[in-house]
Amino acid sequence: MRSSTETSGAGRGGRWPSLPAVLARVVLGGACSVFVLGAAAAQPLSPGAVQDRRVEMVEFAFRPTVIVLESGRPVRLRFTNRGQIAHQFESAYLKNVPVLIASPSLHVEAPGLDVLRVAPGGEARLEFLPRRRGRFRFACTIEGHQEAGMRGILEVR
Numbered sequence: 009m010r011s012s013t014e015t016s017g018a019g020r021g022g023r024w025p026s027l028p029a030v031l032a033r034v035v036l037g038g039a040c041s042v043f044v045l046g047a048a049a050a051q052p053l054s055p056g057a058v059q060d061r062r063v064e065m066v067e068f069a070f071r072p073t074v075i076v077l078e079s080g081r082p083v084r085l086r087f088t089n090r091g092q093i094a095h096q097f098e099s100a101y102l103k104n105v106p107v108l109i110a111s112p113s114l115h116v117e118a119p120g121l122d123v124l125r126v127a128p129g130g131e132a133r134l135e136f137l138p139r140r141r142g143r144f145r146f147a148c149t150i151e152g153h154q155e156a157g158m159r160g161i162l163e164v165r
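Mind the numbering: the sequence shown is residues 9 to 165 in my numbering, read in order.
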């Protein structure tokens, strides 16, 4: 699920982000790591209108594999890693969408999401407002996970 616009570390065989994008890595007490571009600006979501979706991460699958969302309505994706190893969530769709990423020990607002990494037993929350409609791939981009079937579709209607 690598794309030409993807930002990844040189150690993963990718390329560094172009300036002025800045790659920031926030580590959450072993529970979750978040890789974001830049430094700001998702809006907190009002509880009444939120599309709340739970996503389980296991070896080697996301549950559900298709996440259906309505365009123009705020989304809260709640990730729980029920597996024995770390897993990641990455989708090119979210690279330029303002997001809020939260866990018990973190609150980050950013203009886009590169990778959300959740440790075994960890949880994380991702909030955003989908505007562009279509079907967009997502995957766990840890080496071998996507190839083993850990991928899905984000469908925005």
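Glycine is no exception: its CB is placed at the ideal position from the N, C-alpha and C atoms.
- Under the three-state reduction of DSSP, A69 is assigned to strand.
- Membership of R145 in the beta strand (DSSP E) is indicated by the continuous run 142–147.
- When C-alpha distances from P119 are compared across R165, R159, L134, the shortest belongs to L134.
- By the neighbour-count criterion, in which a residue is buried when 16 or more other Cβ atoms sit within 10 angstroms of its Cβ, R125 is buried.
- Counting only the Cα atoms, C148 lies some 25 Å from R81.
- R84 and V107 have their C-alpha atoms some 10 Å from each other.
- Relative to P72, the option among T88, S79, E78 whose CA is nearest is T88.
- Per the coordinates, the alpha-carbon of E155 lies some 30 Å from the alpha-carbon of L114.
- When the Cα atoms are used, V116 and N104 turn out to be separated by approximately 15 Å.
- In terms of Cα proximity to A57, the closest of S79, M65, R145 is S79.
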